[in-house]
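Novice:
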Amino acid sequence: MNEAAGFIKGRARGESPARSVEPEVGLVLGSGLGPLAEEVENPLAIPYGEIPHFPVSTVAGHAGRLVLGRLEGRQVAVMQGRFHYYEGYSLAEVTFPVRVLKALGIKALILTNASGGVNPDFIPGDLMLIRDHINLIGDNPLRGPNDPDLGPRFPDLFEAWDPALRAVARRVAERLGIPVREGVYVALSGPTYETPAEVAFLRTAGGDAVGMSTVPEAIVARHAGLRVFGVSCVTNVHLPSGHPGRKEVSHQEVIDVANRAGSDLSRLLRGVLRSDWEGRA
Numbered sequence: 391m392n393e394a395a396g397f398i399k400g401r402a403r404g405e406s407p408a409r410s411v412e413p414e415v416g417l418v419l420g421s422g423l424g425p426l427a428e429e430v431e432n433p434l435a436i437p438y439g440e441i442p443h444f445p446v447s448t449v450a451g452h453a454g455r456l457v458l459g460r461l462e463g464r465q466v467a468v469m470q471g472r473f474h475y476y477e478g479y480s481l482a483e484v485t486f487p488v489r490v491l492k493a494l495g496i497k498a499l500i501l502t503n504a505s506g507g508v509n510p511d512f513i514p515g516d517l518m519l520i521r522d523h524i525n526l527i528g529d530n531p532l533r534g535p536n537d538p539d540l541g542p543r544f545p546d547l548f549e550a551w552d553p554a555l556r557a558v559a560r561r562v563a564e565r566l567g568i569p570v571r572e573g574v575y576v577a578l579s580g581p582t583y584e585t586p587a588e589v590a591f592l593r594t595a596g597g598d599a600v601g602m603s604t605v606p607e608a609i610v611a612r613h614a615g616l617r618v619f620g621v622s623c624v625t626n627v628h629l630p631s632g633h634p635g636r637k638e639v640s641h642q643e644v645i646d647v648a649n650r651a652g653s654d655l656s657r658l659l660r661g662v663l664r665s666d667w668e669g670r671a
């Protein structure tokens with residue numbers, strides 16, 4: 391973690407001796423949601439493959455770069471693409487970048503993803519503020535020995551998703567005229583999409599959207615004492631088997647819908663970044 395953070399700081403100094411890397415906020419951009427990184431001012435972009443110990447993203451729609459700079463007046467570190475359990479990485483590897491961002495100085499982490507709608511009231515393109523999560527990946531990134539310098543052995547996740555930041559986002563969305571939903575995100579291991587029986591089970595369990603990421607990062611962020619805010623872009627809605635609107639889900643469809651919803655997501659996140667996080671949007 392320290393070697394990776396040191397490399398990033400050294401790269402920044404190499405680009406400009408007067409430049410310091412002190413990001414306040416980290417952002418993780420999911421499938422098809424990477425264009426926000428292109429809006430960062432005075433950017434320093436580092437491919438993941440150049441950062442010591444970083445995994446490399448192998449999924450279409452993930453550019454695989456860390457972008458540092460300013461956005462809406464805040465110093466940010468933006469992950470343009472993430473890593474997934476289904477790629478063969480351990481959850482420790484999947485969440486390693488969160489540790490590095492914490493070592494760089496972030497105080498809050500914003501997570502985004504493309505997800506499938508489990509709530510039948512959702513429609514493709516909806517943005518869902520994550521209120522809570524259910525971890526059904528079958529593993530936990532904190533499994534194994536705990537380093538008390540990084541966080542407690544048994545972190546409390548009762549309010550893992552920061553209520554104050556979510557309230558700010560609701561006010562920003564209302565002011566900008568962006569419709570938003572709110573709900574529970576369920577994380578599965580992937581890479582297969584869900585069966586109708588699994589969707590019915592997740593709906594019964596209280597899920598509103600389902601995906602293959604985000605929750606491990608949120609767990610590690612809370613373990614590290616970071617504030618966490620998340621938005622899911624609902625790219626498809628799981629309809630019952632035999633429903634006339636039912637069709638096969640593809641990763642390309644996920645990317646296409648996320649790209650179309652990306653403008654509203656960008657406006658929402660920029661509004662959140664420029665807001666007073668203690669409650670006034």
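Residue numbers (the working numbering): 391 to 671. C-beta: ideal position from N, C-alpha, C; glycine also. From a predicted model like this one, the values you see are computed outputs, not experimental measurements.
1) Counting C-beta neighbours from all protein chains within 10 Å, is the total for V662 16 or more, i.e. buried, or is it exposed?
2) Going straight from the alpha carbon of A599 to that of R560, what length do you get?
3) Would a C-beta distance cut-off of 8 Å place L526 and I398 closer than the cut-off?
4) Just to check my reading of the structure: E414 and I496 have Cβ atoms closer than 8 Å, yes? What is that Cβ distance to the nearest angstrom?
5) Which partner residues of H613 appear in the DSSP bridge assignment?
6) Can you name the residues that DSSP bridges to G577?
7) Just to confirm the assignment, what range does the alpha helix (DSSP H) spanning V562 have?
8) When you compare only the Cα positions, how much space is there between N392 and V490?
9) When DSSP labels each residue in this structure, what does R464 get in the three-state scheme?
10) Buried or exposed for R503, going by 16 or more other Cβ atoms inside 10 Å?
11) Looking at C-beta atoms only, is the number of pairs between the stretch 574-584 and the stretch 453-464 that lie closer than 8 Å three or more?
Specialist: Short version:
1) V662 sits buried, since 16 or more C-beta atoms from the chains shown fall within 10 Å of its C-beta.
2) One C-alpha to the other measures close to 18 Å.
3) By the CB criterion at 8 Å, L526 and I398 fall outside the cutoff.
4) The Cβ separation is near 6 Å, so the contact holds.
5) Here H613 is not bridged, per DSSP, to any residue.
6) The question names Gly, yet the displayed sequence has Ala at residue 577. Paired residue(s): N525 and G601.
7) Counting along the chain, the unbroken alpha helix (DSSP H) around V562 starts and ends at P553 to L566.
8) C-alpha separation (whole angstroms): 7 Å.
9) In this structure, R464 counts as strand in the three-state DSSP scheme.
10) The residue you asked about is not Arg; residue 503 is Asn in the sequence shown. By the Cβ-count criterion, N503 is buried, with 16 or more other Cβ atoms from all chains shown falling within 10 Å of its own Cβ.
11) Touching, no, given that fewer than three Cβ pairs across the two stretches are closer than 8 Å.
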